[in-house]
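Protein chains: 2
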Amino acid sequence: MTTTRGRIDKRQAILDAAFTVFARDGYRPASVDTVAATAGVAKHTIYNHFGDKQSLFRAAVSALADDALTRNLAAVESLRPDRDPAEALTEVGRKLAECYCDEKSWALRRLLHAELASMLELQDIVRERATDKVNDALADRLARLALAGHLRITDPAVAAEQFGALLTAPFDARSRLGTRKIPAKELAEVTQNAVQTFLRAFGNQ
Amino acid sequence: MTTTRGRIDKRQAILDAAFTVFARDGYRPASVDTVAATAGVAKHTIYNHFGDKQSLFRAAVSALADDALTRNLAAVESLRPDRDPAEALTEVGRKLAECYCDEKSWALRRLLHAELASMLELQDIVRERATDKVNDALADRLARLALAGHLRITDPAVAAEQFGALLTAPFDARSRLGTRKIPAKELAEVTQNAVQTFLRAFGNQ
DNA sequence: TTAGAACTGCACCGGTCAGTGCATTCTACT
DNA sequence: AGTAGAATGCACTGACCGGTGCAGTTCTAA
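If you read the protein sequences in the order shown, they are chains A and B.
Quick note: the first sequence uses the numbering used here, first residue 479, plus one each step.
Quick note: the second sequence uses the numbering used here, first residue 479, plus one each step.
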């Protein structure tokens, strides 16, 4: 059907394999040969598609970041301003926590951390394409909650930032940067604590 | 005087150079030759002192972590329970922020993030030797503030974790993992926001 | 002054890896 | 059937780097 069917399949297979291998071994130690073997593809094919190792890395990371963005946005946008704020925040907190603690999300953040020196633009790309958008979306929702009389918020952007902080920082600390998987019970506990503190600070009674 | 004077000097010079080079280039790309050149030392001397590249890395990171620990502890222990809580928290927040946003602190966290896969024990070492101790110390101080009637806290450990979260997570986001230096004004703003929210949640009136 | 330890400079080995060249095979479209 | 573009397999180069060996030098302690 599609004239480039085979090509696209290969391209996707390469991207998947690339992220897997880079995430497991790190950028430098990961060899293009390994990526090729994992993708079931000749090394030449990789160079045909992506030019060199760095471009391959960029493409793989960008793809994952886009993926993460859509999942995070979906989580935030499930926050309905007409519901009970405690319940609503707990649910969105739980969903965001799930996104944040996903295996691939950890890997993505690790890679960005590790390689930011060598590819500074990548930082900016991912941040403005994912992190900032999620924060903005969350700020919007919180503003609507405030407008509905459920929250006392002066600056929605700050509130969003802090809600995120109360969620993510404890996960960073407790999961040892993603190497220890957080048990469901602890995950719920952190989320609970975050929502509780957030509502004590910004709730309406 | 000291019989090993020259040795100790070399050792320290090597550790300093090692951290500098590792922080700049990353563990893998950094070559032992570069470290030797930066330290003004023969490559052999490095191998005499540290055995191999990995041990050198571990030693350099551990040294920095110890350093960071003492500075963080000093910041926390300046929190006096007899003062006005808003003022006291702002000051300790400012000091902690300064520690956290120090150039070397960013580099240390980057290296830990990047190399955690290859050296898992390092994670645990640094975390239990620094992060956890700082959190415990902060929890202690917050408990005393609560006891003095200045805070309404049920679990001091959670409160400490969340105070840290409100500080560090915004810095992570805003400084792009340490590549952009945060202007003093913004630094004060984040600290202010953190203290304000913390007190809205846990303050006594 | 002397013995011994630490340090230096240099050359070398072995291994890894990004990227290329080439001849061949496969696949899709006409 | 035929052709062009994509994919393959393989061999190869050029570079880098961790680690070692060795011969010579400097420093220190007695």
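Beta carbons are placed, not taken as given, at the ideal position from N, Cα and C, and that holds for glycine.
Contacts of residue i in chain A (Cβ-Cβ under 7 angstroms)
i, result
"B:H591", "R588, H591, A592, L655"
"B:R605", "R654"
"B:G571", "Those do not exist, as B:G571 stays about 13 angstroms from chain A at its closest Cβ, beyond 7 angstroms."
"B:A595", "G504"
Under 7 angstroms by beta carbon: chain B residues contacting residue i
i, result
"A:N550", "Correct list: empty, because the minimum Cβ distance to chain B is about 14 angstroms."
"A:P507", "R506"
Neighbour list for residue i in chain B, Cβ cutoff strictly below 9 angstroms
i, result
"A:L598", "R654, T657"
"A:N671", "D633, V636, E639, Q640"
"A:P563", "The premise fails here: A:P563 is roughly 15 angstroms from chain B at the closest Cβ pair, so nothing lies under 9 angstroms."
"A:T609", "A651"
Assigned secondary structure, residue i (DSSP; H/G/I helix, E/B strand, else coil)
i, result
"B:G571", "helix"
"B:G656", "coil"
"B:G504", "coil"
"B:G681", "strand"
"B:L665", "helix"
"A:P634", "helix"
"B:R561", "coil"
"B:C577", "helix"
"B:G529", "coil"
"B:G642", "helix"
"B:L600", "helix"
"B:V519", "coil"
"B:S509", "coil"
"B:S556", "coil"
"A:A595", "coil"
"A:R483", "Because the pLDDT at A:R483 is just 47, under 50, the model does not fix this residue reliably, and the value given afterwards should be weighed accordingly. A:R483 falls in the helix class under three-state DSSP."
For residue j and residue i, believed in contact at Cβ under 8 angstroms, the rounded distance
i, j, result
"A:L616", "A:A647", "About 16 angstroms separates the two Cβ atoms, so there is no contact after all."
"A:N550", "A:C577", "5 angstroms"
"B:L745", "B:V539", "Chain B is shown from 479 up to 683; residue 745 of chain B falls before or after that span and cannot be answered."
"B:V612", "B:L547", "7 angstroms"
"A:A552", "A:V604", "That pair is no contact at about 18 angstroms."
"B:A626", "B:P559", "5 angstroms"
"B:G508", "A:A643", "Note on identity: in this sequence residue 508 of chain B is Ala, with Gly being the wrong assignment. In fact, because the Cβ distance is near 32 angstroms, the residues do not count as touching under 8 angstroms."
"B:R690", "A:R587", "In the structure as shown, chain B starts at 479 and stops at 683, and residue 690 of chain B therefore has no counterpart that could be examined."
Per DSSP, the bridge partner or partners of residue i
i, result
"B:L629", "B:G681"
Proximal chain A residues relative to residue i, where beta-carbon distance stays under 8 angstroms
i, result
"B:T646", "A643, A647"
"B:Q601", "R654, L655, T657"
"B:T512", "Here the premise fails: no neighbours, minimum Cβ distance about 15 angstroms."
Chain-order list of residues whose beta-carbon lies under 8 angstroms from that of residue i (same chain, five-residue window excluded)
i, result
"A:F528", "I492, L534, A537"
"B:K521", "V510, D511, A514"
"A:K488", "A517, V519, T523, H527"
"A:T568", "T669, Q670, V673"
"B:L645", "G571, L574, A575, Y578, V668, T669, A672"
"A:A666", "R572"
"B:R678", "none"
"A:R658", "R652"
"A:P634", "A617, D618, L620, A621, A624"
6 angstroms Cβ shell around residue i - same chain, five flanking residues per side excluded
i, result
"A:F641", "F676"
"B:A624", "I631"
"B:W584", "G656"
"A:A496", "V513, L534, A538"
"A:L594", "Q601"
Interface partners of residue i on chain A, CB under 9 angstroms
i, result
"B:A679", "Q674, T675, F676, L677, R678, A679, F680"
Any non-hydrogen atom of the ligand ADP closer than 7 angstroms to residue i Cβ
i, result
"B:N682", "Among the components modelled here there is no ligand, and therefore nothing to report on the ligand ADP."
Contact set for residue i: own chain, Cβ-Cβ below 7 angstroms, skip 5 residues either direction
i, result
"A:I660", "C579, F649, R652, S653"
"A:L629", "P563, L620, L623, F680, G681, N682"
"B:G504", "A592"
"A:K531", "V510"
"B:K582", "L542"
"A:M479", "In this prediction, A:M479 has a pLDDT of 30, which is less than 50 and means its spatial position is unreliable; nothing more can be read from the coordinates."
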